[in-house]
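What follows is a short report on a single structure.
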Amino acid sequence: MTRGAVGRVTAAAVAVALVGAVSPVGAARPLAGASLTNLDHLDFLTDHVAPPGRPRHTTFRLAQRPRIGVLWTYSEPQPDGSYNRIGGGAYDPATNTYEQGAYNADDISRAAVVYLRHWRQTGSMSSRRRAVQLLRGLTYLQTATGPNRGNVVLWMQPNGALNRSPVIVELPDPSDSGPSYWLGRTMWALGEGHRAFKDVRPGFARFLGERMDLAIDALDRQVLAPRFGERVTADGLRWPAWLLVDGADASSEPVYGLAAYVEAGGGERARRALAKLAGGIAAMNLGGSRTWPFKAIMPWTRSRSVWHAWAGQMAGALVRAADALNRPALARTAVAEAGSFTPHMLIQNGPEQGWLPGTTDRSQIAYGTDSTLQNLLRTASVAGRRSFRELAGVAAAWYFGNNPAGESMYDPATGRTFDGISSEDPPAVNRNSGAESTIHGLLSMLALDAHPRVAARARIASRDEQTTWRYVEAEAGSVVGGEVVTPEEEWTGESLWGGGSYVELGDGGSVSIPVDLPVGDRYHLYPVYDRRPFAAGVAGLRYALGAAPAGGVDHGGAGRQGVTATRGYRAVGHLVSATSVPSGTTSLVVSYAGDGTRPARLDAVMVQPEVEWLLLGGQAGGQALLRSFSETREARPLVLAGTGPMRARSYDARGRLIRSAVVPSGGRVRIEPGGFTYVTR
12 MTRGAVGRVT AAAVAVALVG AVSPVGAARP LAGASLTNLD HLDFLTDHVA PPGRPRHTTF
72 RLAQRPRIGV LWTYSEPQPD GSYNRIGGGA YDPATNTYEQ GAYNADDISR AAVVYLRHWR
132 QTGSMSSRRR AVQLLRGLTY LQTATGPNRG NVVLWMQPNG ALNRSPVIVE LPDPSDSGPS
192 YWLGRTMWAL GEGHRAFKDV RPGFARFLGE RMDLAIDALD RQVLAPRFGE RVTADGLRWP
252 AWLLVDGADA SSEPVYGLAA YVEAGGGERA RRALAKLAGG IAAMNLGGSR TWPFKAIMPW
312 TRSRSVWHAW AGQMAGALVR AADALNRPAL ARTAVAEAGS FTPHMLIQNG PEQGWLPGTT
372 DRSQIAYGTD STLQNLLRTA SVAGRRSFRE LAGVAAAWYF GNNPAGESMY DPATGRTFDG
432 ISSEDPPAVN RNSGAESTIH GLLSMLALDA HPRVAARARI ASRDEQTTWR YVEAEAGSVV
492 GGEVVTPEEE WTGESLWGGG SYVELGDGGS VSIPVDLPVG DRYHLYPVYD RRPFAAGVAG
552 LRYALGAAPA GGVDHGGAGR QGVTATRGYR AVGHLVSATS VPSGTTSLVV SYAGDGTRPA
612 RLDAVMVQPE VEWLLLGGQA GGQALLRSFS ETREARPLVL AGTGPMRARS YDARGRLIRS
672 AVVPSGGRVR IEPGGFTYVT R
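Right under this line is the structure:
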């Protein structure tokens, strides 16, 4: 499965299956004592090259300093424990070239951000020098003149030659022929770089500002000017047409750079571009506190059925824009996501690669974890809410064991972040440590060093107990009056058939699906089904969990297709069992409801207890996160690692404190309707 212009990031995600201001997030003091941030592995990945002369490509003082900074894309472990550096695609030793290249703009730009932030946070002159060199390399990749001016070539070979059209095609092709993810990431680095050097190296800052203006010109010329104010239709939803490569995700990273540039006096044109992109991102949230996707900011205008953790920096970008533009309303969408969606995402399994729309790609990478952490810390700063910093500690615990594999993903002794965790059962850790993983691991560690209390909670990371939804495939059940259908392609162009199949039921048909319920509770059912553009009442399905009826979902009423790949879409319904259902194995019975003229298609059902929780333990004690789907206040007994009483803080769905209480071990903690509770011991 690939998404239109996702490029190399999605390829990295498949392989797993085997920032605002220049200063770090917020204004917290640095961590006393040992720092979590270790740049050794990132330093190892950096290199220098003297590129051959090429029209339309140059950089700051290239004639005087012909060697520019670059960054190797991947690294693999060797039998002796060391790592080697490699490029992307097959390698040809005869020509010393890769199918893609050795270095790429995506990673060079973000590595520059790491060094900039480390320099600003610690005063390291080594990081300052490395930031300069990488920014020189990045701006060499930017096309300086001609019809593609301002755009960026993605790949460079080991000898410095540019590879505009790699064998493994990534859109746009050639890579500097249109707007792209790497244009946005280049803007991120240029904006933060300009702000960092403005007062200490003004000549270099002016150069970065000129290149930022060139990038803004490309963004405006290709995206904002022709599309701003227009809307596209995605199966009935009306979404902004002016986002970079149709993505709120792709647009979030240039927002980081634009915010820094505006704050450093970047001018009215930068301010307008920032306001337009941020306004588009803010329009991309969906769902409610109990309805999928629970107020998440969606990444892609060409599907209403896709959410992914990687590149999911939209909330943090909105907060940065709100601050830079003095428009607090932009942050409301970020607060809604942080208070409703994020607690559920953290409890159910963490920052997964793809809800498509079911939890079909459960692999995880540091890019998703770092995005979540940055979002929470930035939103906590602008909202002034402790609740989001508490969630940040749970999110950051991913690096130290709070993940499906139960293993540390970051090593402070080496600075390596492993490339990811597979969706296999049991999950496997990919122990490569490439540039993207290293970069986002370090961005997270810089944030933790700046927030020592969050860092301390992040080390409480052992999953002691987890109670959340059960994802069951429809084809795992016993089918009567229907059939299991396996389409040729799982990916529809806008969503994914989970497990590669679905159940199609006709008049009188039913499927009985076994499900293991973790606790006795009322349950919320989230069926993943095929919503079609026919009238209401033609076809649908009724649900019963054990002896408890839960109602039905009509499969008609899909809106106008518009820009999506297919008519209709994979939708997620919402039902609630009429009564509490005992724990243990029971049957989810799904029956056809309609006039018999059209079938109903069911992909899967997410069976969600009314209250879910995650309990983490460690040497320093325990922490717990509970989230409610109830419309009324709930309470649950809780036993948490550690000694002494527990401190429980209950928040509403916007992260506002409702109640703080001291609770004895085994006592009941309160959860607000649609809200969450954080407990420590």
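Taken in order, the sequence shown gives residues 12 to 692; the numbers are from the numbering used here.
Ideal placement from N, C-alpha and C gives every residue a C-beta, glycine not left out.
No experiment lies behind these values; they were computed from the predicted model shown.
Burial state of residue i, where buried means 16 or more other Cβ atoms lie within 10 Å
i, result
"A32", "Note on A32: pLDDT 32, under 50, position unreliable in the model; the coordinate value appears next. The residue in question, A32, is buried, as its Cβ has 16 or more Cβ neighbours within 10 Å."
"L636", "buried"
"A558", "exposed"
"P525", "exposed"
"V680", "buried"
"R139", "buried"
"P648", "exposed"
"A45", "exposed"
"Q630", "exposed"
"D118", "buried"
"R19", "Below a pLDDT of 50, predicted positions are generally treated as unreliable, and R19, at 31, falls in that range; no measurement from the model is reported."
"T106", "exposed"
"V30", "Residue placement at V30 is poorly supported in this model, since its pLDDT is 30, which falls under 50; the coordinates still yield a value, given next. By the neighbour-count rule (16 or more Cβ atoms within 10 Å), V30 is buried."
"R280", "exposed"
"D606", "exposed"
"T70", "buried"
"R222", "buried"
Residue i vs residue j beta-carbon contact at 7 Å
i, j, result
"G379", "A469", "no"
"N115", "W199", "no"
"A458", "E505", "no"
"D430", "S448", "yes"
"R4", "S661", "Nothing can be reported for residue 4, as the shown portion of the chain is limited to 12 through 692."
"T344", "N296", "yes"
"P551", "V564", "The identity of residue 551 in the sequence shown is Gly, whereas the question assumes Pro. A contact, by the Cβ cut-off of 7 Å."
"N441", "E87", "no"
"E633", "V650", "What sits at residue 633 in the sequence shown is Gly, not Glu. Their beta carbons are not under 7 Å apart, which means G633 does not touch V650 by this criterion."
"W303", "V483", "no"
"W253", "L235", "yes"
"T312", "V266", "no"
"A101", "P77", "no"
"R315", "D246", "yes"
"E623", "T390", "no"
"T383", "A406", "yes"
Those residues which DSSP pairs with residue i across a bridge
i, result
"P560", "A555"
"N441", "G431"
"S661", "R670 and T688"
"G365", "D372"
"S641", "Paired residues: none, contrary to the question."
"D527", "T596"
"S419", "F411"
"I79", "V60"
"V243", "W250"
"Y109", "Y102"
"A635", "L626 and V690"
"T478", "W624"
"N49", "Partner(s): none; N49 has no beta bridge."
Chain B contact for residue i (CB, 7 Å cutoff)
i, result
"S135", "Protein chain content of the structure displayed is limited to a single chain, and chain B is not contained in it."
Cβ separation of residue i and residue j, assumed to be a contact under 8 Å, to the nearest whole Å
i, j, result
"G488", "S455", "About 41 Å separates the two Cβ atoms, so there is no contact after all."
"T497", "S512", "5 Å"
"Y272", "G202", "4 Å"
"Q619", "H535", "4 Å"
"G412", "A347", "Contact flag wrong, Cβ pair sits at about 30 Å."
"Y151", "H68", "6 Å"
"Q168", "A113", "6 Å"
"D372", "S434", "6 Å"
"V673", "R692", "The Cβ separation is near 10 Å, so there is no contact."
"R533", "S591", "5 Å"
"A335", "L285", "6 Å"
Where the alpha helix (DSSP H) containing residue i begins and where it ends
i, result
"L454", "A446 to A461"
"I471", "Run containing I471: none; DSSP gives neither H nor E here."
"V143", "M136 to L152"
"L255", "Here L255 belongs to no alpha helix (DSSP H), and DSSP marks it neither H nor E."
"S392", "A377 to A394"
Enclosing beta strand (DSSP E) for residue i [first to last residue]
i, result
"M617", "A611 to P620"
"W250", "L248 to P251"
"E87", "Y85 to P88"
"R481", "R481 to E484"
"H535", "Y534 to R542"
"V496", "S489 to V496"
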